[in-house]
Amino acid sequence: MNALALRRRDALAALAGLACTAPFAPAHAFTPGQPVKVLIGVPAGGTQDVLTRAIAQQVRDSLGPVVIDNRSGAAGRIAVEAVKNAAPDGHTLLLGTASMMTMFPSAYRNLSYDPIRDFQPLINAARFELALVVHQSVPANNLAEFIAWAKAQGDALSFGSYGAGTPSHFLGEMLNRAAGLKMVHVPYRGSTPARQDVMGGQVPVYFDTVGGALQMRPGGRVKVLATSGEKRSPLMPDLPCFVEAGYKDVVATAWFAYYAPLKTPKDVVEKLRAELMRAVNTREVRQQLLANGMYPAADDAQALLKTMREDTARWSAIMKAVNFQAND
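In our numbering, the protein residues as written are 2 to 329.
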């Protein structure tokens with residue numbers, strides 16, 4: 002063997018040795034400092050943005066910058082599908098809603114994802130209640146007066162929601178059934194256009210989040226008559242809840258939770274969970290959530306899964322009762 006061949010052999014042997022001793026780089030490793038993208042299924046400017054921005058301020062040193070990606074359309078299903086198919090490296094997350102993760106499995110015949118089987122649950126970050134909002138021209142100043150007036154309108158009265166198949170929609174349907182009303186549902190593509198129309202009088206009745214109702218109330222263009230929790234909302238303690246008024250089955254609460262793609266490595270999932278949990282429990286985040294009509298939840302993955310299963314069963318029963326099926 003000549004000298005050139007010997008040198009080539011030695012060089013190849015050295016490279017082989019380096020390859021054997023070099024640390025293994027997993028295909029889906031989390032890279033600290035690289036942006037974490039959170040997909041949100043509604044247009045920019047809503048409470049989901051508020052929640053994620055508040056958390057982003059708390060985790061930027063440990064996880065890196067958090068970028069909000071508003072993927073509106075198909076009632077948020079576009080965002081869910083994108084995260085389902087994203088690289089499972091911890092750099093693409095979903096802010097899932099109660100609608101996406103517990104209502105849509107019953108609402109859509111051909112849903113392209115399974116909320117429990119296709120994702121890694123991280124934490125349930127925030128909960129919120131809803132409220133009955135009416136335009137100022139509605140001749141009712143409390144829930145009893147509204148029920149009496151609404152009964153007299155029959156099916157000539159419409160109510161708005163921030164989307165078909167959402168808690169906003171089914172709160173109206175539950176009140177219809179409980180109080181013997183015939184209000185006709187008008188779905189909107191998000192809360193912003195619905196709020197504009199109820200303040201403008203284009204739709205007389207709207208079921209919004211408590212946070213949205215708080216924003217609209219000071220202007221005097223709407224009246225808020227009741228909230229949807231099992232007891233009075235601490236954010237609107239002057240108003241009764243439907244339960245208190247005698248409608249024990251008219252209860253609707255919703256939530257925002259973070260999810261990662263299913264095959265995200267366990268160590269990455271644990272790191273994300275720990276940092277998100279720490280952020281939600283900070284005083285700064287809790288104050289921002291309360292100021293925007295949300296309650297800090299900070300439920301761990303097991304508690305989130307329990308909530309998902311319970312809510313899925315509950316909403317499924319309600320949809321069957323009102324014979325609801327969304328258009329795929």
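The beta-carbon is built from N, C-alpha and C at its ideal position, and this holds for glycine as well.
Span separating the alpha-carbon of residue i from that of residue j
i: M320; j: P238; result: 30 Å
i: T48; j: T265; result: 27 Å
i: Y260; j: F325; result: 27 Å
i: G294; j: C242; result: 15 Å
i: V244; j: N177; result: 14 Å
i: A55; j: A227; result: 28 Å
i: N328; j: E276; result: 38 Å
i: M309; j: V68; result: 26 Å
i: M217; j: P194; result: 13 Å
i: P36; j: E271; result: 18 Å
i: D62; j: P33; result: 9 Å
i: V323; j: F160; result: 16 Å
i: A88; j: A145; result: 53 Å
i: D115; j: G164; result: 20 Å
i: A179; j: V251; result: 7 Å
i: A14; j: A30; result: In this predicted model, A14 has a pLDDT of only 47, less than 50, meaning its place in the structure is not dependable; the value taken from the coordinates is given anyway. Between A14 and A30, the C-alpha separation is close to 29 Å.
i: A314; j: Y109; result: 15 Å
i: L95; j: P168; result: 19 Å
i: G202; j: A214; result: 15 Å
i: A298; j: R233; result: 18 Å
i: L64; j: G42; result: 22 Å
i: T283; j: P66; result: 18 Å
i: R274; j: S229; result: 30 Å
i: Q288; j: A280; result: 12 Å
i: L236; j: E285; result: 18 Å
i: A80; j: N86; result: 10 Å
i: E311; j: F171; result: 16 Å
i: G173; j: L158; result: 12 Å
Of the listed residues the options, nearest to residue i (C-alpha basis)
i: A76; options: V68, G97, A87, A57; result: G97
i: F208; options: V225, G46, E285, A179; result: V225
i: V206; options: V323, P188, A304; result: P188
i: G74; options: Q59, L52, A57, M101; result: M101
i: G46; options: F31, V60, D70; result: D70
i: V199; options: S162, S317, P44; result: S162
i: R330; options: A88, H92, A99; result: The structure shown does not extend to residue 330, since the chain spans only 2 to 329, so no value can be given for it.
i: A204; options: G212, V185, G221; result: Looking at the sequence shown, residue 204 is not Ala but Val. The candidate whose alpha carbon is nearest that of V204 is V185.
i: L123; options: G91, E231, E311, S138; result: G91
i: R72; options: A88, S63, K38; result: K38
i: P262; options: P33, D119, F160; result: D119
i: V223; options: V43, I117, A132; result: A132
i: A246; options: A255, T254, E231, P235; result: E231
i: A304; options: V81, L172, G221, M278; result: M278
i: P219; options: Q58, Q137, V84, V60; result: Q137
Extent of the continuous beta strand (DSSP E) run through residue i
i: R128; result: 120-136
i: P262; result: 254-262
i: I41; result: 37-41
i: I69; result: 67-71
i: F160; result: 159-162
i: P297; result: 296-300
Residue range of the unbroken alpha helix (DSSP H) whose run includes residue i
i: K224; result: Note, K224: premise wrong, no alpha helix (DSSP H); beta strand (DSSP E) at 223-228.
i: L96; result: Element bounds for L96: not the alpha helix (DSSP H) but the beta strand (DSSP E), 93-98.
i: K232; result: First-last for K232: undefined, no H or E at that position.
i: E245; result: E245 -> no alpha helix (DSSP H), and no H or E assigned at all.
i: I117; result: Looking at the DSSP string, I117 is not in any alpha helix (DSSP H), and its letter there is neither H nor E.
i: L52; result: 48-60
i: M278; result: 267-281
i: D326; result: First, the residue type needs correcting, since residue 326 is Gln and not Asp in the sequence shown. Where Q326 is concerned, there is no enclosing alpha helix (DSSP H), given that its DSSP letter is neither H nor E.
i: S107; result: 105-108
i: F147; result: 144-154
i: A80; result: 78-85
i: A292; result: 284-292
Sequence-distant residues of its chain with Cβ nearer than 6 Å to residue i (five each side left out)
i: G155; result: K183
i: S317; result: S107
i: A302; result: P122
i: D300; result: N125
i: Y248; result: A179
i: F147; result: A141, L226
Neighbourhood of residue i by C-beta, 8 Å cutoff - its chain only, sequence neighbours within 5 removed
i: W1; result: Given a span of 2 to 329 for the chain in the structure shown, any question on residue 1 remains unanswerable.
i: L306; result: I117, P122
i: A44; result: The sequence as given places Pro at residue 44; Ala does not occur at that position. If we look at P44 and ignore the five residues flanking it on each side, its Cβ neighbours are N71, S73, G191, T193.
i: A26; result: With a pLDDT of 42 at A26, under the threshold of 50, the modelled position of that residue is not reliable, and no figure is offered here.
i: D50; result: I41, I69, N71
Sequence-distant residues of its chain with Cβ nearer than 7 Å to residue i (five each side left out)
i: A23; result: Confidence is the limiting factor: at A23 the pLDDT is only 40, short of 50, which leaves the residue's position unreliable and the question unanswerable from this model.
i: L336; result: This structure does not reach residue 336, given that the chain is present from 2 up to 329, and the question cannot be answered.
i: L112; result: F105, P106
i: G212; result: T48, F129, N293, G294, M295
i: G181; result: K152
i: A57; result: V67
Unbroken stretches of the alpha helix (DSSP H), 4 residues or longer, contained in the region 178-218:
192-201, 211-217
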